[in-house]
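Q: Going letter by letter, the sequence shown gives residues 1493 to 1786 in my numbering.
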Amino acid sequence: MNIAIVAITGPGVLRARDLGNALPDSTVYYPERYARPTDERVFRGPVTELLPELFADYQGLICIMASGIVIRTLAPHLKGKAIDPAVVVMDEKGQYAISLLSGHLGGANDLARDAARAIGGEAVITTATDVNKLPAWDDVARKEGLAIDPIKNIRKLNSLLLDKQEIVLVDRCKRISQYFSAVPGVSLIESLGEGMKVSAKGYVFITHYDLGPWLQRSDVLVLRPRDLVVGIGCNRDTDSDEIATVIRDEFTRLKFSMESIVCLASIDAKKDEAGLLEFAARQNLPLEFHSADA
């Protein structure tokens, strides 16, 4: 995670420098008046102009200032829990690191803990699952690199955990079972077919498969392993729409979800294939090239 640390007061700048030294891949920003000869990340305008830029460019944001400044500045820029970066607010003495936004999917809860630990402060976490020392489906999915389908059902499935309601967890390869083995109400089942037959308040499936009508239900969450590599060969000047159609048709035949694709691959000779490059960009997927002899 790349992190921007922003401070606006003298004591806050001291905390920011401490955090910058302790947290990997972090960059410190503060007003020009506190600059040192070696400092490069100073800003001259109001912090309310800087924060939206950093919000768009970084995966994590630690703001050493009043929470009201951060909330009012970033509110118009929020897009959703699956997109927004982690935002943590800290007081200038470093006493409290508050997870403010994207606690689970964005990793703000963990970032708050890391920041507090780095300078001897206390992390303030308000998400209900964390307060009750329970694993959350979205937090576990992020840690294990699983795609969530659909995002909108996270709240209900986390609520069922909190209420100790019956949840069927189908996890044949035991990718996340260890997190939930001792959680009241969660039944661990290996078979997809068997899990679908059990009566429960909620269902969580760890699978590559497209579950069709089950995805229309509000009590179902699918966590998809992202480990499928799609190898693509094509004639010269094949357009991106044709590539997309062939891949989607093949995934439909296999009953796989395209959410499980981790990357695309082809041979070196296709490095300049416009349709292939366009398809990868449209799907927001990395594209790797290998020699034909590999």
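Just so you know, even glycine gets a beta-carbon here, dropped at the ideal spot from N, CA and C.
1) Would you kindly work out how many angstroms separate the C-alpha atoms of residue 1749 and residue 1761, rounded to a whole number?
2) Taking 6 Å as the limit between beta carbons, can you name the residues of its chain near residue 1551, skipping five residues before and five after?
3) Looking only at C-alpha atoms, which of 1604, 1756, 1673 sits nearest to residue 1618?
4) Can you give me the C-alpha to C-alpha distance between residue 1675 and residue 1575, rounded to a whole angstrom?
5) How many angstroms separate the CA atom of residue 1769 from the CA atom of residue 1740?
6) Jot down the residue ranges of each uninterrupted alpha helix (DSSP H) in the segment 1601-1649, minimum 4 residues, whole runs only, in chain order.
7) With burial defined as no fewer than 16 other Cβ atoms inside 10 Å of the residue's Cβ, what is the status of residue 1727: buried or exposed?
8) Which of the three DSSP states, helix, strand or coil, is assigned to residue 1669?
9) Around the C-beta of residue 1641, are 16 or more other C-beta atoms found within 10 angstroms, so that it is buried, or is it exposed?
10) With a threshold of 8 Å on Cβ separation, who are the neighbours of residue 1612 within its own chain once the five nearest residues in sequence on each side are excluded?
11) Looking at residue 1565: is its Cβ nearer than 8 Å to the Cβ of residue 1543?
12) State the DSSP-derived secondary structure class of residue 1574, mapped to helix, strand or coil.
A: In short:
1) One-based indexing of the sequence shown puts residue 1749 at position 257. One-based indexing of the sequence shown puts residue 1761 at position 269. In a straight line, the C-alpha of residue 1749 is about 28 Å away from that of residue 1761.
2) The count along the sequence shown starts at 1 and reaches residue 1551 at position 59. Once the five neighbours on either side are set aside, the close Cβ partners of residue 1551 are 1493, 1494, 1577.
3) Numbered from 1 along the sequence shown, position 126 holds the residue referred to as residue 1618. Nearest of 1604, 1756, 1673 to residue 1618, Cα basis: 1604.
4) Position 183 of the sequence shown holds residue 1675. Position 83 of the sequence shown holds residue 1575. Approximately 29 Å between the Cα atoms of the pair.
5) As a first step, residue 1769 must be located in the sequence shown, where it is residue number 277. As a first step, residue 1740 must be located in the sequence shown, where it is residue number 248. Distance between the alpha carbons of residue 1769 and residue 1740: 17 Å.
6) Qualifying alpha helix (DSSP H) stretches, in chain order: 1620-1623, 1629-1636.
7) To locate residue 1727, count along the sequence shown from 1; it is residue 235. Exposed, because fewer than 16 other Cβ atoms sit within 10 Å of the Cβ of residue 1727.
8) Start at 1 with the first residue of the sequence shown, and residue 1669 comes out as number 177. The answer is helix: DSSP assigns residue 1669 an H, G or I state.
9) Here residue 1641 is taken as the residue at index 149 of the sequence shown, counted from 1. Classification for residue 1641: buried.
10) Position 120 of the sequence shown, counted from the start, is the residue given in the question as residue 1612. So the qualifying residues of the chain are 1586.
11) Position 73 of the sequence shown, counting from 1, holds the residue named residue 1565. Position 51 of the sequence shown, counting from 1, holds the residue named residue 1543. Cβ distance < 8 Å, so residue 1565 and residue 1543 count as in contact.
12) Within the sequence shown, numbered from 1, the residue matching residue 1574 stands at position 82. If DSSP states are grouped into helix, strand and coil, residue 1574 belongs with coil.
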